[in-house]
Structure formats: structure tokens, C-alpha cells
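Number 67 in numbering that gives the first Met the number 0 belongs to position 68 of the sequence shown; there are no gaps in the numbering. By construction, the Cβ of each residue, glycine as well, lies at the ideal position given by its N, Cα and C atoms. In this text the structure is predicted, and so the values were computed from the model without any measurement. Working notes, beginning with the structure itself.
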Amino acid sequence: MVVGEHSGTVEHIGIKTTRIRSLSGEQLVCSNSDLLSSRIRNFKRMWERRVTFSIGITYQTPINKVAQISEELRQLVESQPLARFDRAHFSAFGDSALMFEIVYFVRSKEMRDYMDTQQSLNLAIMRLFQELGVEFAYPTRTVFLQQSAQAA
């Protein structure tokens, strides 16, 4: 569960306080009145986890490859055993990149399953882009210098 800035597992609920074991190991003791006035995120009741992320490719990418990437991303997500594909779109012209947004669900509430799936997918995307000759974009800036007539 997550309460405010703290994450952990509930160990005991008493009349006045609740004890939570934080992810880093310490025990947090919270007054029940504080908990009642807070937003509580209960991950134990989650059936699946929604994942949204963006990737950017360079503007030099040929349009036929840009058009191909959404379908390739769909296939990669669907190849993950715990993943349920929702969508992958060429979503925006960024400052330094052509942006794609990918959305899928991990059919597990466990953080380890989510991280394993995301890592596997990230590596598969890197392999795909290497095979296609598509480069990830990174922030760049082009500077044009003009010489004055006197300097020439």
C-alpha cells in the first residue's frame, strides 16, 4: 500500500494506530485518524497493472519505418507472457524526436512481474530498432551561425 509518500505492507491494525512495514524495512506507526484523512493506494486489490511509456526516434527515420513501428511494438508486447496489449501509436512530433506512446497491462499485481516484463520489453525494443536501423532520439539542438558581411 502507499499512503502519502510512504510505501509498505500493513502488519497490524489497532484501535488507534496501524503499523506498516516500509519497503526499506523500518516500521511506520500511523494514527488511524491520519490514515482516514489520506488517500490510500491498495495494491493488493489490483488485478493487473497499466503501463504507459513513450519512446522517441530520430527525425531522420524513413517514413516507411515510422509507419511500421506501431505494429512491431504491438507484436513485441503480445510476445510477453504476462502482457495484454492496449495500443501503440506515433503520438507526437517532439522537439528532438518522433514520439511513440505504448500502453499495455501486466496481468499481475506483483512489482517483480511488472519490472521483469518491462525489462524484457525494453531489450526487445532495442533489438528491434537495431535490426531496423532505427535510432533512439536524444535531445539535440542545431545552431546556425551567420557571418556578418564585415567578417567575410
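* Beta-bridge pairing of F99 - partner residues as DSSP gives them -> Paired residues: I54 and F89.
* If you run the structure through DSSP and keep just helix, strand and coil, what is L35? -> helix
* Asked: Ordered along the chain, which non-local residues of its own chain (more than five positions away) have a Cβ less than 6 Å from that of P138?
  -> S95
* Asked: Within this structure, are the beta carbons of S37 and V2 separated by less than 7 Å?
  -> yes
* Asked: Would DSSP call L22 helix, strand or coil?
  -> Coil, per DSSP.
* Measuring CB to CB, does L81 end up less than 7 Å from S119? -> Contact: no.
* **beta strand (DSSP E) segment containing V65, residue limits** => Element bounds for V65: not the beta strand (DSSP E) but the alpha helix (DSSP H), I62 to E77.
* Asked: What does L131 pair with, by DSSP beta-bridge criteria?
  -> The partner list for L131 (beta bridge, DSSP) is empty, contrary to what the question assumes.
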